[in-house]
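Student: Start counting the sequence shown at 956; every next residue gets the next number (the numbering used here). Glycine residues also receive a C-beta, built at the ideal position from the N, C-alpha and C atoms. If you're wondering where the values come from, they're calculated on a predicted model, not measured in any experiment.
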Amino acid sequence: MTKADLVDKIAEKAKLTKTGAEKALNAFLEAVEDTLVKEGKLTLTGFGTFAVDERKARVGRNPRTGAEIKIPATKVVKFRPGKILKDAVK
């Protein structure tokens, strides 16, 4: 599903125009991003939890040459689904 498909589905379910649905989706995505940057964690009860996690620096290999390369430490976003979402997918 693409963002455009999601906007269409939101517009249909919430009885909004596509423009209104896109604004709502963009506002939601910006709010999630801001929260993760500032607080590092966002919990949507029943749906799931987004959390920022840190990966340590490590040594990897170039698959073509086999040469070792250093992979720097980085931050990644992880998602853990909540019970309601898990049950809905089953």
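Per the DSSP calculation, GLU1009 is bridged to which residue(s)?
Tutor: Per DSSP, LYS1030.
Student: Can you look up GLY975 in the DSSP assignment and give me helix, strand or coil?
Tutor: Reduced to three states, the DSSP call for GLY975 is helix.
Student: Helix, strand or coil: how does DSSP classify THR898 here?
Tutor: Limits of the chain in this structure are 956 at one end and 1045 at the other, which puts residue 898 out of reach.
Student: Once the 5 residues before and after LYS1030 are set aside, which same chain residues still bring their CB inside 8 Å of it?
Tutor: These residues qualify, in order along the chain: VAL1007, ASP1008, GLU1009 and ARG1010.
Student: In whole angstroms, give me the CA-to-CA distance for PRO1027 and ASP989.
Tutor: Spanning the two alpha carbons is a distance of roughly 24 Å.
Student: Give me, in chain order, the residues of the same chain whose beta-carbon lies closer than 7 Å to that of ASN1017; leave out the 5 immediate sequence neighbours on both sides.
Tutor: Within the same chain, ASN1017 has close Cβ partners ILE1024.
Student: So for GLY968, helix, strand or coil by DSSP?
Tutor: Inspection of the sequence shows that residue 968 is occupied by Lys rather than by Gly. It is helical.
Student: Since THR972 contacts ALA966 with CB under 8 Å, what's their CB separation in whole angstroms?
Tutor: At roughly 6 Å, the Cβ-Cβ gap stays under 8 Å, so THR972 and ALA966 are in contact.
Student: For PRO1036, which residues does DSSP report across the bridge?
Tutor: Answer by DSSP bridge pairing, in chain order: GLY1003.
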